[in-house]
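Asks: In the numbering used here, the protein residues as written are 21 to 281.
Where is the CB? At the ideal position from N, CA and C, for every residue including glycine.
Here it is: the structure, laid out below.
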Ligand SMILES: O=C(O)CCC(=O)C(=O)O
């Protein structure tokens, strides 16, 4: 199956640009059901949750007494919350597509750690996520991870849709290109030209945005009047592995594609 699921043009596009949009991978009924589930989880506030207050990004509430202090940013460990979430994360077409991008006949592993989430962007109290590579969160023997961002509603500039710097996953940046929190500095002269290449990603409900763990991306806060909801999962080839004792190694992976395809 490898090589047929994703055309060679799309694979070359992903290799060069660091991302790929797979339109309409999930239908409107599935998106409605997942949105309803996400809203229920937000109402129940069942941990583990990441709050806007935890990240302290620009626009986030400052302290526990601020308005919006209880605003959730990520509903964590999403695949263990309900079989329908696991079914989406292990969708055969999605997983075969990602395996094909890894050009691998090995098994495909789904991480259950931090990025296994329902990402929420509240209409009132969300924040700006500055330019970064997701590899800042991960600790693996190899930096080659792919995340799938599944839009459950429309995503665009005004509601805080993702922006990317195409091709940035292939660049070697000096450490001075990043601040101490590993955000890509917009005030650093050496980054300015590169930042001019920013591209706004727009997604429709059910579209999947696949991106490499070294692709620089950012997103503004949500300035629309509806909370934005997406599912985010991260995958890696079976030949890769989380570093022992790191937070990427906390929960065991789920083998979502058996390999040999
Ligand atoms: O929706 C956003 O703000 C982007 C989230 C993101 O890229 C991250 O937290 O790694």
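Does the beta-carbon distance from residue 170 to residue 92 come in below 9 Å?
Replies: Against a cut-off of 9 Å, the Cβ pair of residue 92 and residue 170 comes out as no contact.
Asks: Quick one: give me the first and last residue of the alpha helix (DSSP H) that residue 61 is part of.
Replies: Element bounds for residue 61: 48–64.
Asks: Mind checking whether the beta-carbon of residue 8 lies closer than 8 Å to any heavy atom of ligand 1?
Replies: Limits of the chain in this structure are 21 at one end and 281 at the other, which puts residue 8 out of reach.
Asks: Nearer than 8 Å: is that true of the beta carbon of residue 141 relative to any heavy atom of ligand 1?
Replies: Checking every heavy atom of ligand 1 against the Cβ of residue 141, one is found closer than 8 Å.
Asks: Please report the residue range of the beta strand (DSSP E) in which residue 96 lies.
Replies: Per DSSP, residue 96 belongs to the beta strand (DSSP E) from 92–96.
Asks: Assuming residue 248 contacts residue 141 under a Cβ cut-off of 8 Å, what Cβ separation, rounded to an integer in Å, is found between them?
Replies: At roughly 4 Å, the Cβ-Cβ gap stays under 8 Å, so residue 248 and residue 141 are in contact.
Asks: According to the Cβ coordinates, are residue 257 and residue 159 closer than 9 Å?
Replies: Cβ distance not < 9 Å, so residue 257 and residue 159 don't count as in contact.
Asks: Is the beta carbon of residue 98 less than 9 Å from the beta carbon of residue 138?
Replies: Result yes, Cβ atoms of residue 98 and residue 138 sit closer than 9 Å.
Asks: Give the DSSP-derived three-state secondary structure of residue 206 in the structure shown.
Replies: Reduced to three states, the DSSP call for residue 206 is coil.
Asks: Going by DSSP, which residues form a beta bridge with residue 139?
Replies: DSSP lists 94 and 250 as partners of residue 139.
Asks: For residue 232, verify whether its CB is less than 8 Å away from any heavy atom of ligand 1.
Replies: Every heavy atom of ligand 1 is 8 Å or more from the Cβ of residue 232, so no.
Asks: Provide the residue(s) that pair with residue 130 in DSSP beta bridges, ordered along the chain.
Replies: In DSSP, residue 130 forms a bridge with 255 and 274.
Asks: For the putative contact between residue 128 and residue 276, defined by C-beta atoms under 8 Å, what is the C-beta separation to the nearest angstrom?
Replies: About 5 Å separates the two Cβ atoms, so the contact holds.
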